[in-house]
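*Asks:* One structure, pasted below without further comment.
Protein chains: 2
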Amino acid sequence: MKLAGVKALGFDVFGTVVDWRNGVARDAAPFLQRHGNADADPLAFADAWRRQYQPAMERVRSQGRPFTKLDILHRENLDIILPDFGIDPASVPAVELDELNLAWHRLDPWPDVVEGLTRLRRRFILVTLSNGNVRLMVDMARRAGLPWDAILGAEPARAYKPSPEAYLRTADMLGLKPEELCLVAAHNSDLAAARACGLKTAFVLRPKDQGLGQHTDLTPEQNWDVVSKDFRDLADQVAA
Amino acid sequence: MKLAGVKALGFDVFGTVVDWRNGVARDAAPFLQRHGNADADPLAFADAWRRQYQPAMERVRSQGRPFTKLDILHRENLDIILPDFGIDPASVPAVELDELNLAWHRLDPWPDVVEGLTRLRRRFILVTLSNGNVRLMVDMARRAGLPWDAILGAEPARAYKPSPEAYLRTADMLGLKPEELCLVAAHNSDLAAARACGLKTAFVLRPKDQGLGQHTDLTPEQNWDVVSKDFRDLADQVAA
Numbered sequence: 083m084k085l086a087g088v089k090a091l092g093f094d095v096f097g098t099v100v101d102w103r104n105g106v107a108r109d110a111a112p113f114l115q116r117h118g119n120a121d122a123d124p125l126a127f128a129d130a131w132r133r134q135y136q137p138a139m140e141r142v143r144s145q146g147r148p149f150t151k152l153d154i155l156h157r158e159n160l161d162i163i164l165p166d167f168g169i170d171p172a173s174v175p176a177v178e179l180d181e182l183n184l185a186w187h188r189l190d191p192w193p194d195v196v197e198g199l200t201r202l203r204r205r206f207i208l209v210t211l212s213n214g215n216v217r218l219m220v221d222m223a224r225r226a227g228l229p230w231d232a233i234l235g236a237e238p239a240r241a242y243k244p245s246p247e248a249y250l251r252t253a254d255m256l257g258l259k260p261e262e263l264c265l266v267a268a269h270n271s272d273l274a275a276a277r278a279c280g281l282k283t284a285f286v287l288r289p290k291d292q293g294l295g296q297h298t299d300l301t302p303e304q305n306w307d308v309v310s311k312d313f314r315d316l317a318d319q320v321a322a
Numbered sequence: 083m084k085l086a087g088v089k090a091l092g093f094d095v096f097g098t099v100v101d102w103r104n105g106v107a108r109d110a111a112p113f114l115q116r117h118g119n120a121d122a123d124p125l126a127f128a129d130a131w132r133r134q135y136q137p138a139m140e141r142v143r144s145q146g147r148p149f150t151k152l153d154i155l156h157r158e159n160l161d162i163i164l165p166d167f168g169i170d171p172a173s174v175p176a177v178e179l180d181e182l183n184l185a186w187h188r189l190d191p192w193p194d195v196v197e198g199l200t201r202l203r204r205r206f207i208l209v210t211l212s213n214g215n216v217r218l219m220v221d222m223a224r225r226a227g228l229p230w231d232a233i234l235g236a237e238p239a240r241a242y243k244p245s246p247e248a249y250l251r252t253a254d255m256l257g258l259k260p261e262e263l264c265l266v267a268a269h270n271s272d273l274a275a276a277r278a279c280g281l282k283t284a285f286v287l288r289p290k291d292q293g294l295g296q297h298t299d300l301t302p303e304q305n306w307d308v309v310s311k312d313f314r315d316l317a318d319q320v321a322a
């Protein structure tokens, strides 16, 4: 049986569980119509916002910034990208920017997710193992009906993936050895970091995570413990 | 409207949500039959185990012991009380003691809990704000069907109630001001500590929490924001 000995699945969320790109673009569109250049593209806006994601976390991971929750990093990153879309952050009411920042709380799951999670939960404890903060994950789960058993990951661990502490403290909070926890993710780099910590690994193909021109994470780059094409397929393969 | 401005309810669990005393006694009974004195009383055993609870946390709260999850404290406390019931801890296989320690993961909710929480969840984010560790809370919730949005409290906060950090870090992880979070608890001392941190407070009467001879927490000792006789009554009062 696949994933024998595994007690819990920890899920990457942005890209793996939810479609961040179209969700952010949907909420950005009316904002850009009000404030942006006439030709401002909501999908390009979502991509630009996301490009600031790793650099912002890197300042926490390796440049000495104290742990800062993702909502705050997202809000700072928004101020950084606005000028590229013809918008002076100082010209927009702060409350409107704060509201746009919540676009990340309102992302839709891929169509296979709720059914797949519901089946997987019969066999495994299901937790988030995301860099998203607790409130973001709670709002998303309530809106989309995601049946998590606990919201874990970066904020409770106070460390951003791929730092080892993000994976190892999640296992510890579940009272599990690393090999009893499996990361489910659409990104080879995340799985590689989890495997280096001793976790089991399940790759899920999400070919539209980065948009139609996606050229990364289209194939498994290591012999992950499971390779699946969506959450229903994952549930089929692990007999859940 | 009661609790206007409150976005989330944080629940004390042992005694408020679940009946720890009868649950522990139920699992202790066959263990005592195998190993204990002929007259060993399972309810007395549960009470003795629980009496070690506050002193063990006090070593973390104020005597310099690093944060240690409740499963470990419970297991240490079990070794402490066994001789009082005629049992030498060294004479019992460790696996059997570890299994008995999981009695705390298998406690039943009071009869009004699941319906009350289900209704309250329509209006509020619901989280645990317990001294129990994450895995204990997850196992309990899965077994009893408790619809938490997140498992917070002592272990994610790395501080035991009534230390202020336990309440304040829980509010922070929810992105809330203290007054936007309400503690729901059957114990006046817990509510007093939460109020001192700025949280709102809801008292729930649990007259059998400590057994039939209970003489504490039978009435509200301050003008708590809500005083209710069970979770259904709480839902009625806050129009959930």
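In the order they appear, the protein sequences are chains A and B.
Residue numbering for the first sequence follows our numbering, starting at 83 and increasing by one per position.
Residue numbering for the second sequence follows our numbering, starting at 83 and increasing by one per position.
Every residue gets a Cβ at the ideal spot worked out from N, C-alpha and C, and that includes glycine.
Apart from the five residues on each side of it in sequence, which residues of its chain come closer than 8 Å, Cβ to Cβ, to residue 160(B)?
*Replies:* Start at 1 with the first residue of the second sequence, and residue 160(B) comes out as number 78. Only 131, 171, 179, 182 and 183 meet the Cβ criterion.
*Asks:* Taking C-alpha atoms, which residue in 148(A), 222(A) and 125(A) lies nearest to residue 110(A)?
*Replies:* Here residue 110(A) refers to the residue found at position 28 of the first sequence. The shortest Cα separation from residue 110(A) among 148(A), 222(A) and 125(A) belongs to 125(A).
*Asks:* I'd like the span of the beta strand (DSSP E) that includes residue 266(B), first residue to last.
*Replies:* To locate residue 266(B), count along the second sequence from 1; it is residue 184. Note, residue 266(B): beta strand (DSSP E), 263 to 267.
*Asks:* With a threshold of 9 Å between beta carbons, is residue 205(B) in contact with chain A?
*Replies:* Indexing the second sequence from 1 puts residue 205(B) at position 123. By this cut-off, residue 205(B) is not an interface position.
*Asks:* For residue 120(B), count neighbouring Cβ atoms within 10 angstroms of its own Cβ and tell me buried if that reaches 16, exposed if not.
*Replies:* Numbered from its first residue, the second sequence carries residue 120(B) at position 38. Exposed, since its Cβ has fewer than 16 Cβ neighbours within 10 Å.
*Asks:* Pull up the DSSP beta-bridge partners for residue 310(B), would you.
*Replies:* In the second sequence, the residue the question calls residue 310(B) occupies position 228. Paired residues: 286(B).
*Asks:* Looking only at C-alpha atoms, which of 157(A), 286(A) and 312(A) sits nearest to residue 305(A)?
*Replies:* The residue labelled residue 305(A) in the question sits at position 223 within the first sequence. Among 157(A), 286(A) and 312(A), the Cα nearest to that of residue 305(A) is on 286(A).
*Asks:* Which bits of chain B does residue 238(A) rub up against, with CB to CB less than 7 Å?
*Replies:* The residue you call residue 238(A) lines up with position 156 of the first sequence. The contacting residues are 238.
*Asks:* Does the beta-carbon distance from residue 232(A) to residue 256(A) come in below 9 Å?
*Replies:* Here residue 232(A) is taken as the residue at index 150 of the first sequence, counted from 1. Here residue 256(A) is taken as the residue at index 174 of the first sequence, counted from 1. Contact flag set, yes.
*Asks:* Quick one: does residue 336(B) have its CB under 9 Å from some CB of chain A?
*Replies:* In this structure chain B extends from 83 to 322, so residue 336(B) is not present and cannot be described.
*Asks:* In whole angstroms, what is the alpha-carbon distance linking residue 240(A) and residue 248(A)?
*Replies:* The count along the first sequence starts at 1 and reaches residue 240(A) at position 158. The count along the first sequence starts at 1 and reaches residue 248(A) at position 166. The alpha-carbon atoms of residue 240(A) and residue 248(A) are separated by roughly 7 Å.
*Asks:* Are the beta-carbon atoms of residue 310(A) and residue 284(A) separated by less than 9 Å?
*Replies:* Along the first sequence, read from residue 1 onward, the residue named residue 310(A) stands at position 228. Along the first sequence, read from residue 1 onward, the residue named residue 284(A) stands at position 202. Against a cut-off of 9 Å, the Cβ pair of residue 284(A) and residue 310(A) comes out as a contact.
*Asks:* Name, in chain order, the residues that DSSP records as bridge partners for residue 90(B).
*Replies:* Indexing the second sequence from 1 puts residue 90(B) at position 8. Per DSSP, 207(B) and 263(B).
*Asks:* Check the Cβ of residue 257(A) against every Cβ in chain B and list those closer than 7 Å, keeping chain order.
*Replies:* One-based indexing of the first sequence puts residue 257(A) at position 175. Correct list: 153 and 217.
*Asks:* So residue 122(B) contacts chain A; which residues on that side make the cut at Cβ distance below 7 Å?
*Replies:* Translated into the one-based positions of the second sequence, residue 122(B) becomes position 40. What residue 122(B) touches in chain A: nothing, since even the nearest Cβ is about 29 Å away.
*Asks:* Examine chain B for any beta-carbon lying closer than 9 Å to the beta-carbon of residue 180(A), and answer yes or no.
*Replies:* Looking up residue 180(A) in the first sequence gives position 98. Chain B contact via Cβ: absent.
*Asks:* Could you pull out every unbroken alpha helix (DSSP H) segment of at least 4 residues lying fully inside the region 101 to 151 of chain B, listed in chain order?
*Replies:* You should have 102 to 117, 124 to 133 and 135 to 143.
*Asks:* Can you look up residue 245(B) in the DSSP assignment and give me helix, strand or coil?
*Replies:* Within the second sequence, the letter at position 163 stands for residue 245(B). Of the three classes helix, strand and coil, the one that applies to residue 245(B) here is coil, per DSSP.
*Asks:* Quick one, which of 87(A), 167(A), 202(A) and 242(A) has its alpha-carbon nearest residue 137(A)'s?
*Replies:* Position 55 of the first sequence, counted from the start, is the residue given in the question as residue 137(A). Residue 242(A) is the option with its Cα nearest to residue 137(A).
*Asks:* I'd like the span of the beta strand (DSSP E) that includes residue 172(B), first residue to last.
*Replies:* Residue 172(B) sits at position 90 when you count from the first residue of the second sequence. No beta strand (DSSP E) holds residue 172(B); DSSP gives it neither H nor E.
*Asks:* Between which two residues does the beta strand (DSSP E) containing residue 234(B) stretch?
*Replies:* To locate residue 234(B), count along the second sequence from 1; it is residue 152. Where residue 234(B) is concerned, the enclosing beta strand (DSSP E) stretches over 232 to 235.
*Asks:* Please report the distance separating the alpha-carbon of residue 113(B) from that of residue 173(B).
*Replies:* The count along the second sequence starts at 1 and reaches residue 113(B) at position 31. The count along the second sequence starts at 1 and reaches residue 173(B) at position 91. Distance between the alpha carbons of residue 113(B) and residue 173(B): 13 Å.
*Asks:* Does DSSP classify residue 191(A) as helix, strand or coil?
*Replies:* Translated into positions along the first sequence, residue 191(A) becomes position 109. Correct three-state label for residue 191(A): strand.
*Asks:* Using the Cβ count rule (16 or more neighbours within 10 Å means buried), how would you classify residue 269(A)?
*Replies:* Start at 1 with the first residue of the first sequence, and residue 269(A) comes out as number 187. Residue 269(A) is buried by the Cβ-count criterion.
*Asks:* What are the boundary residues of the alpha helix (DSSP H) that residue 278(A) is part of?
*Replies:* Position 196 of the first sequence holds residue 278(A). Its alpha helix (DSSP H) spans residues 270 to 278.
*Asks:* Where does residue 149(A) land, buried or exposed, given buried means 16+ other C-beta within 10 angstroms?
*Replies:* Translated into positions along the first sequence, residue 149(A) becomes position 67. It is exposed - the Cβ of residue 149(A) has fewer than 16 other Cβ atoms within 10 Å.
*Asks:* According to the Cβ coordinates, are residue 91(B) and residue 208(B) closer than 9 Å?
*Replies:* Along the second sequence, one-based indexing puts residue 91(B) at 9. Along the second sequence, one-based indexing puts residue 208(B) at 126. It is a contact, given that the beta carbons lie within the stated cut-off.
*Asks:* Would you call the CB atoms of residue 153(B) and residue 218(B) closer than 9 Å?
*Replies:* Reading the second sequence from its first residue, position 71 is the one you call residue 153(B). Reading the second sequence from its first residue, position 136 is the one you call residue 218(B). Yes, the pair counts as a contact, with Cβ atoms nearer than the cut-off.
*Asks:* Please list, in chain order, the chain B residues whose beta carbon lies closer than 9 Å to that of residue 169(A).
*Replies:* On the first sequence, residue 169(A) is found 87 positions in, with the first residue counted as 1. In chain order: nothing, as chain B lies at least about 25 Å away.
*Asks:* Let me check understanding here. Comparing Cα to Cα, which of 272(B), 103(B) and 83(B) lies closest to residue 296(B)?
*Replies:* Residue numbering aside, residue 296(B) sits at position 214 when the second sequence is read from its first letter. Closest option to residue 296(B), Cα to Cα, is 103(B).
*Asks:* My guess is that residue 312(A) and residue 166(A) are in contact by the Cβ rule of under 8 Å, so how many angstroms apart are they, rounded?
*Replies:* By one-based count along the first sequence, residue 312(A) stands at place 230. By one-based count along the first sequence, residue 166(A) stands at place 84. That pair is no contact at about 34 Å.
*Asks:* Within 9 Å of any Cβ in chain B, is that where the Cβ of residue 231(A) sits?
*Replies:* Taking the first sequence and counting its residues from 1, the one referred to as residue 231(A) is at position 149. By this cut-off, residue 231(A) is an interface position.
*Asks:* Does any C-beta atom of chain A lie closer than 9 Å to the C-beta of residue 85(B)?
*Replies:* Position 3 of the second sequence, counted from the first residue, corresponds to residue 85(B). With 9 Å as the cut-off, residue 85(B) does not count as an interface residue toward chain A.
*Asks:* Output the distance between the C-alpha atoms of residue 200(A) and residue 320(A), rounded to the nearest integer angstrom.
*Replies:* Within the first sequence, numbered from 1, the residue matching residue 200(A) stands at position 118. Within the first sequence, numbered from 1, the residue matching residue 320(A) stands at position 238. Taking the straight line joining both Cα atoms gives about 13 Å.
*Asks:* Less than 9 Å between the beta carbons of residue 192(B) and residue 88(B), yes or no?
*Replies:* Position 110 of the second sequence holds residue 192(B). Position 6 of the second sequence holds residue 88(B). No, the Cβ-Cβ distance between residue 192(B) and residue 88(B) is not below 9 Å.
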